[in-house]
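> Reading the sequence shown from the start, the letters are residues 1 to 117 in full-length UniProt numbering. Each residue gets a CB set at the ideal place from its N, CA and C atoms; glycine is no exception. Remember, it's a predicted structure, so these values are computed and weren't measured experimentally.
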Amino acid sequence: MSLVALGMNALGWKSALRNLTLLLLLPGLALAIWFSQMLPLTPLLSFLQGASIAPAVLLPFGARALRIQPDLARTAAGLGATRSQRFRTLWLPLLGWPLASTIALAILISLSCAWRL
Numbered sequence: 001m002s003l004v005a006l007g008m009n010a011l012g013w014k015s016a017l018r019n020l021t022l023l024l025l026l027p028g029l030a031l032a033i034w035f036s037q038m039l040p041l042t043p044l045l046s047f048l049q050g051a052s053i054a055p056a057v058l059l060p061f062g063a064r065a066l067r068i069q070p071d072l073a074r075t076a077a078g079l080g081a082t083r084s085q086r087f088r089t090l091w092l093p094l095l096g097w098p099l100a101s102t103i104a105l106a107i108l109i110s111l112s113c114a115w116r117l
């Protein structure tokens, strides 16, 4: 698969990263569940499951973080906002729900992988 097929042509690295994450999403989830059902429980298995579910877990947070304009924090700092004010009034409203959904998705997928029949 070429970089043009991944979206690296005129759209840039953000589009390529999003397309690569979507490409790994379903096979990664299937592998994580298959690892938990077919292989004995070892530390290596836990690492493989974590690596397999990472694209699915980071998708809500990464999608929102890539859409934030980089000038927002610089503008807030230029207007005199402290770090705590920027966190409270800028970053928390922008990334609060994606972060909460990422944590909830990680717990849900981890529990489904840990549940052995």
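1. For Ile107, does the three-state DSSP call read helix, strand or coil?
2. Check this for me: beta carbons of Leu45 and Leu39, under 7 Å apart or not?
3. If I follow the unbroken alpha helix (DSSP H) through Gly78, where does it start and stop?
4. Quick one, which of Ser52, Leu90, Leu58 has its alpha-carbon nearest Gln69's?
5. Quick one: is Val4 buried, meaning 16 or more other Cβ sit within 10 Å of its Cβ, or exposed?
6. What do you get for Ser112, buried or exposed, if any count of 16 or more other CB atoms within 10 angstroms of its CB means buried?
7. Hey, is the region 49-68 in contact with the region 93-101, meaning 3+ C-beta pairs nearer than 8 Å?
8. Classify Gly12 as helix, strand or coil using the three-state DSSP reduction.
9. Between which residues of its own chain and Ala77 is the CB-CB distance below 8 Å, once the five residues before and five after are set aside?
10. Would you kindly work out how many angstroms separate the C-alpha atoms of Thr42 and Leu26, rounded to a whole number?
In short, the structure shows the following:
1. The count along the sequence shown starts at 1 and reaches residue 107 at position 107. Helix at Ile107.
2. Working through the sequence shown from its first residue, we reach residue 45 at position 45. Working through the sequence shown from its first residue, we reach residue 39 at position 39. It is a contact, given that the beta carbons lie within the stated cut-off.
3. By 1-based counting over the sequence shown, the position of residue 78 is 78. Start and end: 71-78.
4. If you number the sequence shown from 1, residue 69 lands on position 69. That would be Leu90, whose Cα lies nearest to the Cα of Gln69.
5. Here residue 4 refers to the residue found at position 4 when the sequence shown is read from its first residue. The predicted model places Val4 with a pLDDT of 48, which falls under 50 and marks its position as unreliable, so this point remains unresolved.
6. As a position in the sequence shown, residue 112 is number 112, starting the count at 1. Flag for Ser112 reads exposed.
7. yes
8. Counted from its first residue, the sequence shown places residue 12 at position 12. In this structure, Gly12 counts as coil in the three-state DSSP scheme.
9. As a first step, residue 77 must be located in the sequence shown, where it is residue number 77. Only Arg86 meet the Cβ criterion.
10. Residue mapping note: residue 42 aligns to position 42 of the sequence shown, counting from 1. Residue mapping note: residue 26 aligns to position 26 of the sequence shown, counting from 1. Their backbone Cα atoms lie some 23 Å apart in a straight line.
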